[in-house]
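Visitor: When you number the sequence shown by the numbering used here, it's gap-free, plus one each residue, and the end is 492.
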Amino acid sequence: MTHLLHRSIQSDLPVAARGEGVFIYDRDGKVYLDASGGAAVSSLGHGHPDVLKALHAQLDTIAYAHTGFFTTEVAEKLADRLIEDAPEGLDKVYLVSGGSEAMEAALKMARQYFVETGQPGRRHVIARRQSYHGNTLGALAAGGNALRRTQFSPLLIETHHIAPCYAYRHQHEGESLENYGARAAGELEDKILELGEDQVMAFVAEPVVGATSGAVPPAPGYFRKIREICDRYGVLLILDEVMCGMGRTGTLHACEQEGISPDLLVIAKGLGGGYQPIGAVLLSGRIFEAFEQGSGFFQHGHTYMGHPMAAAAGLAVQDIIRRDNLLANVMAMGAHLTDCLAQRFGQDPRVGDIRGRGLFQAIELVENKETKAPFDPAFKIHARIKREAMQRGLMVYPMGGTIDGREGDHVLIAPPFIATKTDIETIVDRLGAAVDAATQSIGRA
Ligand SMILES: *Cc1c(COP(=O)(O)O)cnc(C)c1O
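(1) Do the segment 161 to 169 and the segment 200 to 208 meet, that is, are 3 or more Cβ pairs less than 8 angstroms apart?
(2) Does DSSP classify A249 as helix, strand or coil?
(3) Any contact of the segment 358 to 369 with the segment 304 to 321, i.e. 3+ C-beta pairs under 8 angstroms?
(4) Going by the CB atoms, is the gap between V88 and K316 shorter than 8 angstroms?
(5) Can you find a heavy atom of ligand 1 that lies under 7 angstroms from the Cβ of S89?
(6) Helix, strand or coil for S178? Go by DSSP, reduced to three states.
(7) Within the same chain, show all residues whose beta-carbon is closer than 6 angstroms to that of Q408, passing over the 5 residues directly before and after it, in chain order.
(8) Give me whichever residues DSSP pairs with N415 in a beta bridge.
(9) Return the chain-ordered list of same chain residues with a C-beta closer than 7 angstroms to the C-beta of E131, the five sequence neighbours on each side being excluded.
(10) Taking a contact to mean a Cβ-Cβ separation below 8 angstroms, would you say D456 touches T467 in this structure?
(11) Apply the 10 Å Cβ neighbour rule to R65 and answer buried if 16 or more other Cβ atoms are within range, or exposed otherwise.
(12) What are the boundary residues of the beta strand (DSSP E) that L318 is part of?
(13) Below 8 angstroms CB to CB, which residues in the same chain sit around L224 once its five sequence neighbours on both sides are set aside?
(14) In whole angstroms, what separates the C-alpha of D75 from that of L60?
(15) Looking at E253 and ligand 1, is the gap between the Cβ and the nearest heavy atom below 7 angstroms?
(16) If you run the structure through DSSP and keep just helix, strand and coil, what is Y215?
(17) Whole angstroms are fine: how far does the CA of S58 sit from the CA of L51?
(18) Are the beta-carbon atoms of V255 and R404 separated by less than 8 angstroms?
(19) I'd like to know whether the C-beta atoms of M248 and V140 end up nearer to each other than 8 angstroms.
(20) So, at 7 angstroms on beta carbons, what are the nonlocal neighbours of M156 in its own chain, with the 5 sequence-adjacent residues on each side left out?
See the structure below:
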């Protein structure tokens, strides 16, 4: 009997009692290796003593001061830190409580920027199918996850979607990756011209697509072409790095590997590593100046924005990642994960694609490797894998609807940055056993 409305009403969840490093212990003493960091959140693992120390110290100083009355040292320090490490041109930070809130703020910043600069006709948002940008209405409207959107569609603001950059499914036979990337990016230009080049406000994309299609990296040159198109038509580029950012792919920001900077960068999950709810928008100097020289404020706000406890968590997590040189470990353990996955699943007829960057990787499951035909969605093979993995003491992040919101299955792997070689090997061992058991359960050994 529970009074909580859980994510799934029919679920029988274990009770998490304690966390330490890469492990979560339930109330019955069962140990789970957290190979997904929840939803790619726990970048430092659980119970990190230095984060706990920073949180205790902040709690003893001040836990909450409304941002309409005060700023706090800890929020200022976190902002300094984020700008010091930011992609070129990003100059200010807006601190909120999570990814969806950050996405909403970014969309409103884009709109207000054009109102302040005398282009009030710009109102269209273009995003991509098979993306996720959050569950609040504005963020949900931007997202291209058909399953999540359908029943709420009458409530969603008008947005427009182009194809994702998803080589495994959309690259043509005989087409180079570069040419495929250019073709995929070209859809943005077509859509801008269709909507009217002075009517489009922003393009939104995840540099490496997260939960919806499973660690899908862009084709080489794709984002450089996207940046050029945005510049050509005066459209703001919003990059959603809520999941793929803050070190997950081996660089602090995923867009660094594309050689571009956005106008608005949205971060969250790995920023506070799960120690507190926190998200942020990093905005360009140009957008800030439009606000400064225009109305003098950004017309938005939340009760908990810039929360001192959340800022303390973000600052501590980011300090430790830098101090312990953990991005180097993300690169090294990411390469080891790639090798282990290739060894275990490379010849596996049920695994069509292995992909991702750093400690952000996925396998895509198929019924037929030749034709890339997915499993019948009725089997819910992703849910079976999750169940089998949990039984074996492994948390991974499987999802269905990989291809179009309905068909396709993948398993996302996103362990903490402190993972060791042994952890990586245990993850792939247990995942292999879970995939075996799940496919056997539908008679596809
Ligand atoms: C999780 C996620 C969000 C939403 O963040 P919440 O903190 O759950 O609101 C937005 N964008 C991406 C890419 C995400 O993975």
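Here a beta-carbon is modelled for each residue, glycine too, at the ideal position from N, C-alpha and C.
Keep in mind that this is a model prediction, so the values were computed, not measured.
Guide: Taking the geometry as given:
(1) no
(2) strand
(3) yes
(4) yes
(5) no
(6) coil
(7) A262, L384 and I460
(8) A420
(9) none
(10) no
(11) exposed
(12) Note, L318: premise wrong, no beta strand (DSSP E); alpha helix (DSSP H) at K316 to G319.
(13) A214, Q218, A266 and P267
(14) 12 angstroms
(15) yes
(16) helix
(17) 12 angstroms
(18) yes
(19) no
(20) L311, V328, L330, I334 and F345
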